[in-house]
Amino acid sequence: MTQVHSKTKQLAAALTLAVGAAVPLAMIAAPAPAVAAAGDLDKAVAALRGISTMKANFTQTDRSGQTMAGQLTLKRPGKIRFDYGKSAPMLVVSNGKSLYLVDYDVKQVERWPISSSPLGALLDPSRDVKRYGKLVPTSHSGVVSVEVRDPKRPEFGVITLIFQRDAASPGGLKLTHWVALDAQNNRTTVRLSNHRYGMSVADSAFTFSDPRKSSRRPR
């Protein structure tokens with residue numbers, strides 16, 4: 001495996017294990033003159049639950065600054081796909097039960113339970129965000145920041161979901177990005193743009209061709 005491919009795979013793996021945009025990250029942690037409004041946590045949960053299907057462009061950046069781009073597809077309940085297109089011969093996909101990192105270059109598939117990934121906060125907000133989430137003060141009244149961590153399972157890491165108030169988005173909040181920190185303090189930032197909601201998405205979009213059974217990547 002080349003060094004470039006190794007770094008690319010590490011970045012994709014960081015998304016699955018640790019897993020941003022119009023708002024600078026400094027706004028997330030800055031002392032906030034704007035206090036989070038009462039009920040914003042419930043609004044964030046409602047906004048996530050209000051997304052039946054969504055597609056968006058994404059850029060994913062690790063702490064060293066390496067960036068990959070692609071398209072995200074989400075469908076309730078529990079399904080998500082990160083397609084890197086021509087930028088990388090790999091795929092991150094959840095079928096609602098498990099999260100997979102599929103590497104077509106070396107013909108490998110890695111699997112994790114969704115419950116072991118911070119992405120569970122995005123895929124099952126009623127359970128993870130409602131139970132483990134807390135509002136993080138921001139310096140902008142139009143921004144809602146929610147930090148999600150399970151204090152009993154620190155190895156699962158922390159994910160901070162950043163929303164902007166947007167009347168056109170489900171629940172009046174648009175998920176603009178998230179920042180994930182794993183147990184080794186590796187940070188991954190995923191920024192979303194060009195959000196589209198409510199389209200028809202077949203369940204087959206969350207399956208994949210197993211490279212271990214084929215010598216060629218499907219086209």
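Going by this note's numbering, the sequence shown opens with residue 1, and the numbers climb by one from there.
Using N, Cα and C, we set each Cβ at its ideal position, and we do this for glycine too.
So V146 and G157 are supposed to be a Cβ contact under 8 Å. How far apart are they, rounded? Indexing the sequence shown from 1 puts residue 146 at position 146. Indexing the sequence shown from 1 puts residue 157 at position 157. Actually they are not in contact, since the Cβ atoms of V146 and G157 sit about 15 Å apart, beyond 8 Å.
Can you have a look at G65 and say buried or exposed, based on whether 16 or more other CB atoms are within 10 angstroms of its CB? Residue 65 sits at position 65 when you count from the first residue of the sequence shown. With fewer than 16 Cβ atoms within 10 Å of its Cβ, G65 is classed as exposed.
If you measure between the beta carbons of P220 and D103, is that distance less than 9 Å? Because the chain here runs from 1 to 219, residue 220 falls outside it and cannot be looked at.
Residues near G63 by beta carbon distance below 7 Å, same chain, minus five either side: Here residue 63 refers to the residue found at position 63 of the sequence shown. Rather than Gly, the amino acid found at residue 63 in this sequence is Arg. Same-chain partners within the cutoff: N186, R187.
How many Å lie between G50 and T176 at the Cα? In the sequence shown, residue 50 corresponds to position 50, counting from 1. In the sequence shown, residue 176 corresponds to position 176, counting from 1. Going by C-alpha positions, G50 is about 15 Å away from T176.
Start and end of the beta strand (DSSP E) containing G133? Reading the sequence shown from its first residue, position 133 is the one you call residue 133. For G133, the enclosing beta strand (DSSP E) covers residues 133 to 136.
DSSP beta-bridge partners for P113? The count along the sequence shown starts at 1 and reaches residue 113 at position 113. Bridge partners of P113: S98.
Kindly indicate the opening and closing residues of the alpha helix (DSSP H) around D40. Sequence index remark: in the sequence shown, residue 40 carries index 40 (1-based). Residues 40 to 49.
Mark A213 as exposed unless 16 or more other C-beta atoms lie within 10 angstroms of its C-beta, in which case mark it buried. Within the sequence shown, residue 213 is the residue found at index 213, counting from 1. Per the sequence shown, residue 213 should be read as Lys rather than Ala. Classification for K213: exposed.
Inter-residue spacing [alpha-carbon to alpha-carbon] between P170 and G39: Start at 1 with the first residue of the sequence shown, and residue 170 comes out as number 170. Start at 1 with the first residue of the sequence shown, and residue 39 comes out as number 39. When rounded, the distance between both Cα atoms is 16 Å.
On the DSSP letters alone, give me the boundaries of the beta strand (DSSP E) that L161 sits inside. Along the sequence shown, read from residue 1 onward, the residue named residue 161 stands at position 161. Where L161 is concerned, the enclosing beta strand (DSSP E) stretches over 158 to 165.
State the DSSP-derived secondary structure class of D182, mapped to helix, strand or coil. Looking up residue 182 in the sequence shown gives position 182. DSSP places D182 in coil when its eight states are reduced to three.
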